[in-house]
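Chains as they are written, first to last, in the numbering used here: chain A, 114 to 334; chain B, 114 to 334. Some notes on the structure that comes next.
Protein chains: 2
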Amino acid sequence: MASRPRVRLDPQDRRAQLIALGLQILSARPASQVAVDDIAEAAGISRGLLFHYFSSKREFHLAVVQAAADELLTATDPDDTLPALEQLRLGLEAFVSFIERKHELYVALVRGSAGADPDLHAIFEDHRDKVAGRVCRVLGDAGGRPEVRTAVRGWLAFCEETVLHWMAHRTMRRQQLVMLCEQVVVAAVAAVLPPEDLPAWYREQAAAVAAAVPADAAARD
Amino acid sequence: MASRPRVRLDPQDRRAQLIALGLQILSARPASQVAVDDIAEAAGISRGLLFHYFSSKREFHLAVVQAAADELLTATDPDDTLPALEQLRLGLEAFVSFIERKHELYVALVRGSAGADPDLHAIFEDHRDKVAGRVCRVLGDAGGRPEVRTAVRGWLAFCEETVLHWMAHRTMRRQQLVMLCEQVVVAAVAAVLPPEDLPAWYREQAAAVAAAVPADAAARD
DNA sequence: CCGCGTTGTTGAGCTCGGTTCAGTACTCCC
DNA sequence: GGGAGTACTGAACCGAGCTCAACAACGCGG
């Protein structure tokens, strides 16, 4: 095959092209099953150039995963002017939509970074911490407590797993999924805080959840 | 270095030795950073023999991860004769203890299998499904519902993340951690089931949780 | 329009590590 | 003690990540 004409790009553009390509390719199959040649060929460049932009295949992988995490973070960026509960719900909706559009990317790049490489894991950890930070900020003063952060982190894992399992098996209506996640965060935070430390809007929400669910049993006492 | 005397073992013993060694080594650093030579040398055998027992490095890795999953599964094996709530609590306690003893193994092998290799992922998926099955069985008839399974899967992810974050940051007392997980499973399952479908013991638990938490707010209505 | 420096780009070749396989040596049994 | 069966070895192979010296596209001054 006659090599195509040599194309010259700004380093910035080239890098962007390679990362965009990486998002595609590494969503479809794991890095260990993708040869550097595959990436280079898909980009229409030589192996050597890839190593000019990324000092190793691993570093390329890191850059792509970081890009995926950033993409998710901006896709779920909340509107600070809205009331807290609204921010939570919209954030959840945005997350579900993101997974619906790109769950392969999410599984392969964001969640998939958990094991394997410590640096990959660090990116994932950082991402989750940023999201947890957002949620905690919404919770107000109580969000600063370390035990609340643990609960929120757990809740994020809950949402991730629930949404992915839902995507795969469609076990309920979409709205029901969002409500499930909402109710769980209420329960999780309430479980680690004395009631007097809960934000006012939050207490009302918790009361509503509590009242709605085991209605007759609660009525007995 | 004069090679040590050739040691001959039963294939069964040799395999067990190699997997035990794999559990150690692969807990400490990721498979991609462990050479086949490292494993062989640590085991006191030649590279070739490892390939006699496992057709590839990847298959060795799979066998080790499977062993780790099995270990966790037996460590948290519940006693079917106990009441449901007791089984849940004991299972949680056992899980926390397991992580306390071997969180590196857990992170590297069980959880860490999420991304990367589809076969590794399948082992993880299978493991989580078995645990979810246990929990659903405890829930009785309601546990058969698909939406309950989604909620339970999410809850397992919640427990995993919560316990690992707790291990790293010690943000609360151990007992509080277990209670947090208990209360969240109650909330999660209650959120996807109409109250009349909840098991009786479960409704009482849910009512107790609900009553205890936002006490004054609930009292207002 | 032509040289010339800058710099994006190339690809042959090196190295390292997973994999193979023909051969070795231990052990058991007659 | 010799032969068969089998656990085991290690040198050679091969493919994929990585290096580096050379190349070619573009901009600019003359």
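In this text, a Cβ means the ideal position worked out from N, Cα and C, and glycines have one as well.
Let me make sure I understand the geometry here. Which of the options has the alpha-carbon closest to that of residue i?
i                            : options                                   : result
leucine 277 of chain A       : A:Ala300, A:Ser226, A:Arg250 and A:Glu213 : A:Glu213
tryptophan 314 of chain A    : A:Gly267, A:Leu290 and A:Val251           : A:Val251
valine 299 of chain A        : A:Pro307, A:Gln318, A:Asp190 and A:Leu175 : A:Gln318
arginine 233 of chain B      : B:Leu218, B:Val178, B:Leu205 and B:Ala221 : This sequence places leucine at residue 233 of chain B; arginine is not what is there. Answer by Cα proximity: B:Val178.
alanine 133 of chain A       : A:Ala148, A:Arg121, A:Phe173 and A:Ser145 : A:Phe173
leucine 131 of chain B       : B:Gln146, B:Asp150 and B:Ser145           : B:Asp150
valine 209 of chain A        : A:Glu273, A:Glu238 and A:Gln146           : A:Glu273
phenylalanine 271 of chain B : A:Phe164, A:Ala301, A:Met280 and A:Gln289 : A:Ala301
tyrosine 166 of chain B      : B:Ala129, B:His240 and B:Gln200           : B:Ala129
alanine 304 of chain B       : A:Leu122, A:Gln296, A:Ala303 and A:Ala304 : A:Gln296
leucine 175 of chain A       : A:Leu269, A:Ala235, A:Ala281 and A:Gln289 : A:Ala235
lysine 215 of chain A        : A:Gln200, A:Asp242 and A:Met280           : A:Met280
aspartate 242 of chain B     : B:Thr194, B:Arg121, B:Leu269 and B:Tyr219 : B:Leu269
phenylalanine 164 of chain A : A:Phe211, A:Glu217, A:Pro124 and A:Asp193 : A:Pro124
Flag residue i as yes if its beta-carbon sits less than 9 Å from any beta-carbon of chain B, otherwise no.
i                        : result
glutamate 217 of chain A : no
aspartate 151 of chain A : no
aspartate 230 of chain A : yes
proline 159 of chain A   : Before going on, a small fix: residue 159 of chain A reads as serine here, not proline. It does not: the Cβ of serine 159 of chain A has no partner Cβ on chain B nearer than 9 Å.
arginine 224 of chain A  : yes
leucine 290 of chain A   : yes
leucine 162 of chain A   : no
leucine 175 of chain A   : no
leucine 122 of chain A   : no
With a threshold of 9 Å between beta-carbons, can residue i be considered close to chain A, or not?
i                        : result
alanine 264 of chain B   : yes
valine 299 of chain B    : yes
alanine 129 of chain B   : no
glutamate 184 of chain B : no
glutamine 296 of chain B : yes
proline 191 of chain B   : no
alanine 133 of chain B   : no
glutamine 137 of chain B : no
proline 143 of chain B   : yes
alanine 328 of chain B   : A caution first: alanine 328 of chain B carries a pLDDT of 42, below 50, which makes its placement in the model unreliable, though a value can still be read off. Interface residue, yes.
alanine 148 of chain B   : no
alanine 227 of chain B   : yes
alanine 221 of chain B   : yes
serine 168 of chain B    : no
Residue j and residue i - do their beta-carbons sit closer together than 9 Å?
i                        : j                         : result
arginine 202 of chain B  : isoleucine 158 of chain B : no
valine 291 of chain A    : leucine 162 of chain A    : no
glycine 267 of chain B   : threonine 189 of chain A  : no
glutamate 184 of chain A : leucine 139 of chain A    : no
valine 244 of chain B    : leucine 186 of chain B    : yes
proline 308 of chain A   : arginine 316 of chain A   : yes
valine 248 of chain B    : valine 265 of chain B     : yes
arginine 87 of chain B   : aspartate 230 of chain B  : A query on residue 87 of chain B cannot be resolved here, the shown segment of chain B reaching from 114 to 334 and no further.
alanine 227 of chain A   : glycine 228 of chain B    : yes
alanine 153 of chain A   : arginine 142 of chain A   : no
histidine 282 of chain A : threonine 284 of chain B  : no
aspartate 239 of chain A : alanine 182 of chain A    : yes
serine 388 of chain A    : serine 168 of chain B     : Residue 388 of chain A is absent from the structure shown; chain A starts at 114 and stops at 334.
alanine 221 of chain A   : proline 312 of chain A    : no
Worksheet entry | Where the stretch 271-283 of chain A meets chain B: residues whose CB sits under 7 Å from a CB there | Phe271, Glu273, Glu274, Thr275, His278, Trp279 and His282
Practice prompt. For the stretch 253-261 of chain B and the stretch 256-268 of chain A, state whether three or more C-beta atom pairs, one from each stretch, are separated by less than 8 Å.
Written response: no
Fill in: Contacting positions in the stretch 300-317 of chain A - beta carbon closer than 8 Å to chain B
Ala300, Ala301, Ala303, Ala304, Val305, Pro308, Leu311, Arg316 and Glu317
Discussion item. Closer than 7 Å between beta carbons: that is the criterion. Which residues of the stretch 244-261 of chain A meet it against chain B?
Written reply: Pro259 and Glu260
Worksheet entry | Contact set between the stretch 195-215 of chain B and chain A, restricted to residues whose Cβ is under 8 Å from the partner | none
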